[in-house]
Amino acid sequence: MPKQWLERAVEDLVVAQLLLDEEHFSHACFLSQPSMEKAPKALLLHVTGACPRTHRLVDLLIEAATSEQSLLNLLADCAIVDQYYFPTRYPDSLPGGLATGLPGKVEAREAVEIAERLLTAITPKLPQENEREKTDSE
C-alpha cells in the first residue's frame with residue numbers, strides 16, 4: 023500500500039507542475055499540498071502499517087520524523103504549504119487564511135518546489151520494487 027500512496031503523490035506533483043506551467047497558480051498550490059500529504063503517509067504506512075487521518079503537513083512530518091529525523095529539516099516548508107489548504111479549496115474559507123488572497127506565481131512555484139523536496143527526501147526511505155520482490159520471494 024505505501025507504493026500506491028507514493029505513486030499518487032507523484033501524480034499530484036506532476037499535475038501541480040503542469041498547472042504551474044499553465045499559470046493556474048492557486049490550483050498548483052492546491053495539488054502540491056495533497057502530494058506532500060501522501061508522501062509521509064506512505065512512509066508511515068511502511069514503518070508502522072498505519073497513517074493518521076489528518077491533512078496537516080506539519081503534524082504528518084513530525085510523526086514521520088519519529089523514524090526519520092532528517093525530515094524535520096522540512097518542517098518550515100510544510101508550514102508554508104499548510105497555509106494553502108483551505109483558501110485554495112473553499113471560496114468561503116475563514117477570513118485571514120491568506121493575507122493577500124489566493125496564492126500567485128511566487129507562492130505556486132515555492133509550493134511545487136517544496137513538494138519536490140519532500141518527495142525527494144521520502145522516496146529513498148521506502149522500499150524500491152526490486153527490494154520488495156526480493157523480500158516477497160524469500
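The numbering of the sequence shown is the working numbering, which starts it at 23 and goes up by one. Beta carbons are placed, not taken as given, at the ideal position from N, Cα and C, and that holds for glycine.
Three-state secondary structure (DSSP) at residue i?
i      : result
Arg111 : coil
Ala130 : helix
Met23  : coil
Phe124 : Phe is not the amino acid found at residue 124; the sequence shown has Leu there. Looking at Leu124 - three-state DSSP - the assignment turns out to be coil, as it is neither helix nor strand.
Arg154 : Model confidence at Arg154 stands at a pLDDT of 48, short of 50, so the residue's coordinates are unreliable; what they give is reported in the following sentence. Three-state result, Arg154: helix.
Glu44  : coil
Could you check whether residue j and residue i sit closer than 7 Å to each other, using their CB atoms as the reference points?
i      : j      : result
Val103 : Ala133 : yes
Ser57  : Ala31  : yes
Leu40  : Leu96  : no
Leu82  : Leu93  : no
Apart from the five residues just before and just after residue i, which ones in its own chain have a Cβ nearer than 6 Å to its Cβ?
i      : result
Leu53  : Asp34, Val37, Ala38
Ala137 : Leu35, Ser54, Ser57, Met58
Ser89  : Val69
For residue i, which residues from the same chain have a beta carbon less than 7 Å from its beta carbon, with the 5 sequence-adjacent residues on both sides left out?
i     : result
Arg78 : Asp104
Cys51 : Tyr106, Thr110, Pro125, Glu129, Ala130, Ala133
For residue i, count neighbouring C-beta atoms within 10 Å of its own C-beta (all shown protein chains included) and say buried if the count is 16 or more, exposed if not.
i     : result
Ala86 : buried
Pro62 : buried
Asp99 : buried
Pro24 : buried
Leaving out five residues on either side along the sequence, give the residues of the same chain with a beta carbon under 8 Å from the beta carbon of residue i.
i      : result
Thr157 : Low local confidence applies: a pLDDT of 47 at Thr157 is under 50, so the model's placement there is unreliable, with the coordinate-based value given in what follows. Correct list, in chain order: Pro149.
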